[in-house]
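Below is one structure, written out as structure tokens; the observations come after it.
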Amino acid sequence: MEKQNWTVIVGNILFKYRSYFFVPILLFLIIFTRPQISFDSKITDVFFDIFGFILALLGFYIRVIVIGYKRPGTSGRGTNIDVKEVVTDGMYQVCRNPLYLANFLMWLGLAIMWWEIYFFAVVVGFFAVEYFFIIKAEESYLSNKFGSAYNDYKKSVPAFFPRIKNFRKPDRPFNWNKVFKNETNLLLFILVLPPLIYIYQNKANMFLILLEVIVLIIWFVIKYNLHYREKIIK
């Protein structure tokens, strides 16, 4: 049996527990840091809040494109790296790890909105380190399993930094049901967090509270409809 590089070993561990490592870190940051006003200017603060929110929505949009065109057995939320084929179309023409790019953009956007140096440094540093090792582990797995089919693809497409012009729409239909089923919770988080940041900055007002209530109502309606449709199909 071939001896694994230590980066691959670390990457496999991080991949297996990737859904859990960041939760305590995020809770710690929320408890011990407070969102700040950008450069002590309300106008600048609004600008960076909007910029951060757009970045987060861009990351979510990339996730939607990837999930909507996703083939079965190509990527998922399992604890072990296991895929049936190399995907080279859609967002995978832009970069080899579009879901990681999407997640990074979402958290980068939220860190910009929070605007606290320790929060920003920990969030960006954590995902940079985690994805570095996970990508190393995935590349080793894919190279060993698919050989030249993956290695040729690896040479022609960047790992992380995207080439937008390379995108071509896949031939298969877009699956909105899969998107709504998998991504509604994440969308709720992105929409709810910015108003909560303002409330956490002691800027609570009736508009923000009403906005939070409206977002929650819309989310519950979507979740109920999805659950109802699944029951009908079964």
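Counting in this note's numbering, the sequence shown runs from 185 upward without gaps.
Note that the Cβ used here is the ideal one computed from N, Cα and C, for glycine as well.
*For the alpha helix (DSSP H) containing alanine 295, list its first residue and its last residue.*
Taking the first residue of the sequence shown as position 1, residue 295 is located at position 111. For alanine 295, the uninterrupted alpha helix (DSSP H) segment begins and ends at 282-298.
*According to the Cβ coordinates, are alanine 295 and valine 307 closer than 9 Å?*
Numbered from 1 along the sequence shown, position 111 holds the residue referred to as residue 295. Numbered from 1 along the sequence shown, position 123 holds the residue referred to as residue 307. Cβ distance < 9 Å, so alanine 295 and valine 307 count as in contact.
*Using the rule of at least 16 other Cβ atoms within 10 Å of the residue's Cβ for burial, across every protein chain shown, is serine 332 buried or exposed?*
Taking the first residue of the sequence shown as position 1, residue 332 is located at position 148. Classification of serine 332: exposed, given that the 10 Å Cβ count is below 16.
*Ignore the nearest five residues each way along the sequence and tell me which others in glutamate 186's own chain have a CB closer than 7 Å to its CB.*
Locating residue 186 in the sequence shown gives position 2, where the first residue counts as 1. Because glutamate 186 sits at a pLDDT of 48, beneath the cut-off of 50, its placement in the model cannot be relied upon, and the point is left open.
*Assign serine 203 to one of two classes, buried (16 or more other C-beta atoms within 10 Å of its C-beta) or exposed (fewer than that).*
On the sequence shown, position 19 is the one that residue 203 refers to. By the C-beta density criterion, serine 203 is exposed, having fewer than 16 other C-beta atoms within 10 angstroms.
*So isoleucine 265 packs on asparagine 196, CB below 8 Å; how close in whole Å?*
Against the sequence shown, residue 265 aligns to sequence position 81. Against the sequence shown, residue 196 aligns to sequence position 12. About 7 Å separates the CB atoms of isoleucine 265 and asparagine 196; that is less than 8 Å, so the two are in contact.
*Decide if lysine 211 is buried, meaning its Cβ has at least 16 other Cβ atoms within 10 Å, or exposed.*
In the sequence shown, counting from the first residue as 1, residue 211 sits at position 27. Reading the sequence as shown, one finds leucine at residue 211 and not lysine. By the neighbour-count rule (16 or more Cβ atoms within 10 Å), leucine 211 is not buried but exposed.
*Distance, Cα to Cα, glutamate 323 vs lysine 329?*
For the purposes of this step, residue 323 is identified with residue 139 of the sequence shown, where counting begins at 1. For the purposes of this step, residue 329 is identified with residue 145 of the sequence shown, where counting begins at 1. Between glutamate 323 and lysine 329, the C-alpha separation is close to 10 Å.
_For isoleucine 374 and leucine 285, believed in contact at Cβ under 8 Å, the rounded distance_ = By 1-based counting over the sequence shown, the position of residue 285 is 101. By 1-based counting over the sequence shown, the position of residue 374 is 190. Not a contact, Cβ separation roughly 16 Å.
*Using DSSP with H/G/I as helix, E/B as strand and the rest coil, what is alanine 343?*
As a working note, residue 343 is residue 159 in the sequence shown. Coil.
_N-terminal and C-terminal residue of the alpha helix (DSSP H) that tyrosine 302 is part of_ = Working through the sequence shown from its first residue, we reach residue 302 at position 118. 301-330 is the span of the alpha helix (DSSP H), which, as asked, contains tyrosine 302.
*How many angstroms separate the CA atom of tyrosine 382 from the CA atom of valine 192?*
Position 198 of the sequence shown holds residue 382. Position 8 of the sequence shown holds residue 192. Their backbone Cα atoms lie some 41 Å apart in a straight line.
*With DSSP as the reference, label valine 192 as helix, strand or coil.*
Start at 1 with the first residue of the sequence shown, and residue 192 comes out as number 8. For valine 192, the secondary structure class from DSSP, reduced to helix, strand or coil, is helix.
*Using the C-alpha atoms, what's the distance from phenylalanine 358 back to lysine 418?*
Taking the sequence shown and counting its residues from 1, the one referred to as residue 418 is at position 234. Taking the sequence shown and counting its residues from 1, the one referred to as residue 358 is at position 174. At lysine 418 the pLDDT is 49, less than 50, meaning the model places this residue with poor confidence; the figure from the coordinates comes in the next sentence. Rounded to whole angstroms, lysine 418 and phenylalanine 358 show a C-alpha spacing of 22 Å.
*asked:* Can you check which of these residues, Val363, Pro379 and Ile398, is closest to glycine 252 by C-alpha distance?
replied: Locating residue 252 in the sequence shown gives position 68, counting from the first residue. Considering only alpha carbons, the answer is Val363.
_As assigned by DSSP and simplified to three states, the class of glutamate 269_ = Residue 269 sits at position 85 when you count from the first residue of the sequence shown. Three-state DSSP puts glutamate 269 in coil, outside helix and strand.
*asked:* So for glutamine 220, helix, strand or coil by DSSP?
replied: One-based indexing of the sequence shown puts residue 220 at position 36. DSSP places glutamine 220 in coil when its eight states are reduced to three.
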